[in-house]
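These notes are about the structure you will find just below.
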Amino acid sequence: MATFADDKELLLNFRVPGTREAAFTQIVRKYQEKLYWHIRRIVLDHDDANDVLQNVCIKVWKSLDNFREDSQLYTWLYRIATNESLTFLEQQKKKATVSFSDVETGLSNKLKADRYFDPGKLEWKLQLAITSLPEKQRIVFNLRYYDEMPYEEMSRVLETSEGALKASYHHAVKKIEEFMLNH
Amino acid sequence: MAHNDNIGRELRSISEVVAGLPGNTPFTVPPHFFEQFPEKMLEAIRHSAEGQEEDASGILAGLKDRSTFQVPAGYFDQLPVNLMKRILLEEEAENSLEEEEILPAILTGLRDLPTFRIPAGYFDALPEQLAVQAIASDNNMGVEEELRRLSPFMASMSREYPGKVPEGYFDLFPWEAEPGQWESEPAKVIPISRTLPLRKFLAAAVMVGVLMASAISGFHIYDSPSDFLRSGVNLKTKAQFNTALARISDQDILDYLKSNTDVSDADLIASEVDEQQLPKIEDNADGTHPAELTPAEISGENKNTAQ
């Protein structure tokens with residue numbers, strides 16, 4: 003497993019013109035997989051995730067000079083990735099001119115269209131259950147279940163109180179359990 | 005993916021079923037995707053930056069001077085004149101439309117619409133109401149205001165009386181009464197009796213009775229020969245005629261005949277005159293003249309005849 007420099011050191015190098023591109027490459031390499039999977043679980047499709055991830059990286063490149071170090075870098079990156087993913091879904095809604103429930107159906111269909119999709123496997127069934135959740139609960143569940151993000155950090159990413167996040171996570175787990183038992 | 009112990013316990017407390025599910029993600033990514041992604045991303049950013057510079061300096065600068073749309077030759081030279089012509093034509097068309105089409109149509113349509121309603125019998129009671137209001141207004145109106153309403157011309161004239169009084173008239177007038185001059189007994193107060201109307205009715209009844217009795221008895225008083233002649237047809241007997249005629253003096257008859265004799269009067273008089281009593285020509289054949297004619301009158305008449 004590759005070792006990466008500390009976030010503070012990376013940020014310092016980014017602010018120096020001579021080491022700017024190298025520092026940016028290190029930051030991307032450090033957080034790319036986390037950001038990718040976070041985005042992928044929201045948009046489901048690899049190509050869409052790739053597009054969103056590139057947009058996130060471009061925004062990071064443009065905005066990193068203004069990043070305030072009062073929060074952790076990866077929290078800031080997750081917030082950008084979450085917003086970009088939700089913006090991407092909103093754009094898809096407008097293009098499709100369909101209702102939100104139809105978008106959920108579209109996400110389910112997109113999941114089933116994956117060439118590796120196997121409905122007999124529990125992990126795919128779990129993904130189907132997650133797509134049945136409301137958007138906010140889906141993001142909370144993913145951040146907590148897959149990324150093991152503490153509520154405190156999740157609160158900063160989603161700008162929501164920890165109590166509300168715990169409630170959302172509780173509801174999401176119960177709905178997934180019900181889905182798994184009934185399907 | 006190994007769950008954090010706290011997160012695992014939390015999940016198990018919520019749902020044993022979900023906690024037992026595999027924690028791995030079934031999604032796959034192309035081979036070496038993450039290995040090449042940072043370099044590709046940096047390359048994309050460089051290209052994007054170069055593209056932006058190109059857009060700013062090259063493409064946009066080149067497009068700036070290019071005009072996509074074309075206008076006819078001389079369009080802008082003639083534009084002010086053409087716009088002014090169009091404005092004038094539209095204003096003229098709007099005015100004519102209002103005067104010739106819109107306004108007459110609107111007025112014609114409105115003419116027959118019962119827009120205003122009046123209470124039933126309004127015009128029947130209107131004159132009385134106006135009279136009452138006019139009287140009330142007159143009562144409250146001052147002299148100046150009343151005259152101004154009646155005749156502004158009269159109101160503008162001087163109200164000073166043009167006549168004069170003899171000099172010193174008012175100085176000599178005994179305005180200042182001497183002691184005791186105006187002290188006299190109080191004026192007699194005549195009470196208004198409630199029987200007064202009854203007396204009036206009685207007096208009127210007496211007068212009506214007298215007039216009716218005189219009409220029945222044929223009592224007439226003729227002021228002039230004209231009255232007598234006009235009423236002659238009503239005389240029942242010749243004796244009545246003669247009695248009435250006797251009351252009129254001869255001088256009145258002469259004056260009347262001089263000023264009012266005409267054909268109809270002559271016929272009327274002739275019809276009433278007894279020809280047997282008139283003087284005959286033979287009565288004057290001896291050269292004598294009627295006693296009424298003086299010698300001077302007779303000579304004058306002869307002189308005129310001679311001429």
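The listed protein sequences derive, respectively, from chains A and B. Take 3 as the starting number for the first sequence in the working numbering and just add one per residue. Take 5 as the starting number for the second sequence in the working numbering and just add one per residue. Cβ atoms here follow ideal geometry from the backbone N, Cα and C, with glycine treated the same way.
For the C-beta of proline 42/B, the chain A residues within less than 9 Å are, from N- to C-terminus, Phe26, Thr27, Gln28, Ile29, Val30, Arg31, Gln34, Cys59. What proline 26/B touches in chain A, judged by beta-carbon distance under 7 Å, is Leu124, Glu125, going in chain order. For isoleucine 178/A, the neighbours in chain B by C-beta distance under 9 Å run, in chain order, Ser19, Val21, Val22, Leu25. For tyrosine 76/A, the three-state secondary structure derived from DSSP is helix.
About 5 Å separates the CB atoms of histidine 40/A and alanine 83/A; that is less than 8 Å, so the two are in contact. For valine 175/A against isoleucine 18/B, the beta-carbon gap comes to about 4 Å, under 8 Å, which counts as contact.
Look at the beta carbons and you see the segment 79-94 of chain A not touching the segment 165-179 of chain A: under three pairs across the two are nearer than 8 Å. Rounded to the nearest whole angstrom, the C-alpha separation of alanine 115/A and glutamine 94/A is 17 Å. With fewer than three CB-CB distances shorter than 8 Å, the segment 111-125 of chain A does not count as touching the segment 145-158 of chain A. Distances from the CA of proline 136/A to each of Glu164/A, Val54/A, Leu145/A, Lys177/A were compared; the closest alpha carbon is that of Lys177/A.
At least one C-beta of chain A is nearer than 8 Å to the C-beta of proline 30/B. Excluding five sequence positions before and after threonine 77/A, the CB atoms of its chain that fall closer than 7 Å to its own CB belong to Glu155, Arg158, Val159, given in chain order. The beta carbon of cysteine 59/A sits closer than 7 Å to those of Val30, all from its chain and outside the five residues before and after it, given in chain order.
At least 8 Å separates the beta-carbon of leucine 124/A from that of valine 21/B.
The beta carbons of phenylalanine 6/A and lysine 32/A sit about 4 Å from each other, so the pair counts as a contact at 8 Å. Chain-order list of chain B residues neighbouring leucine 128/A: Leu25, by C-beta distance under 7 Å. Rounded to the nearest whole angstrom, the C-alpha separation of glutamate 35/A and histidine 36/B is 12 Å. With respect to chain B, the C-beta atom of methionine 182/A has a partner C-beta closer than 8 Å. Take leucine 37/A, set aside five residues on each side of it, and the residues of its chain with a beta-carbon closer than 7 Å to its own are Leu55, Val58, Leu79, Ala83, in chain order.
One thing to note: proline 30/B has its Cβ within 8 Å of the Cβ of glutamine 129/A. Relative to the Cα of asparagine 8/B, the nearest Cα in the group Asp149/A, Lys112/A, Glu179/A belongs to Asp149/A. If you draw a straight line from the Cα of histidine 48/A to the Cα of phenylalanine 181/A, it is about 25 Å long.
With fewer than 16 other Cβ atoms from the protein chains shown falling within 10 Å of its own Cβ, alanine 209/B counts as exposed.
At least one CB of chain B lies nearer than 8 Å to the CB of valine 175/A. For arginine 140/A, the number of other beta carbons within 10 angstroms of its own is at least 16, and it is reported as buried. A Cβ-Cβ separation of about 19 Å leaves leucine 46/B out of contact with glutamate 86/A under the 8 Å criterion. The residues Val159, in chain order, have a CB closer than 6 Å to that of arginine 81/A in the same chain once the five nearest residues on each side in sequence are set aside. Alanine 131/A has its alpha-carbon roughly 36 Å from the corresponding atom of alanine 48/B. Collapsing the DSSP output to three states places glycine 24/B in coil. Taking C-beta atoms under 8 Å as the contact rule, arginine 43/A and asparagine 144/A qualify, at a distance of about 5 Å. Taking lysine 138/A as reference, the option from Thr162/A, Met151/A, Trp126/A, Lys127/A with the minimal CA-CA separation is Thr162/A. Here DSSP, grouped into helix, strand and coil, assigns threonine 107/A to helix.
Residues of chain B whose Cβ lies closer than 9 Å to the Cβ of glutamate 23/A are, in chain order, Leu46, Ile49, Arg50. It is roughly 39 Å from the alpha-carbon of asparagine 246/B to the alpha-carbon of phenylalanine 205/B.
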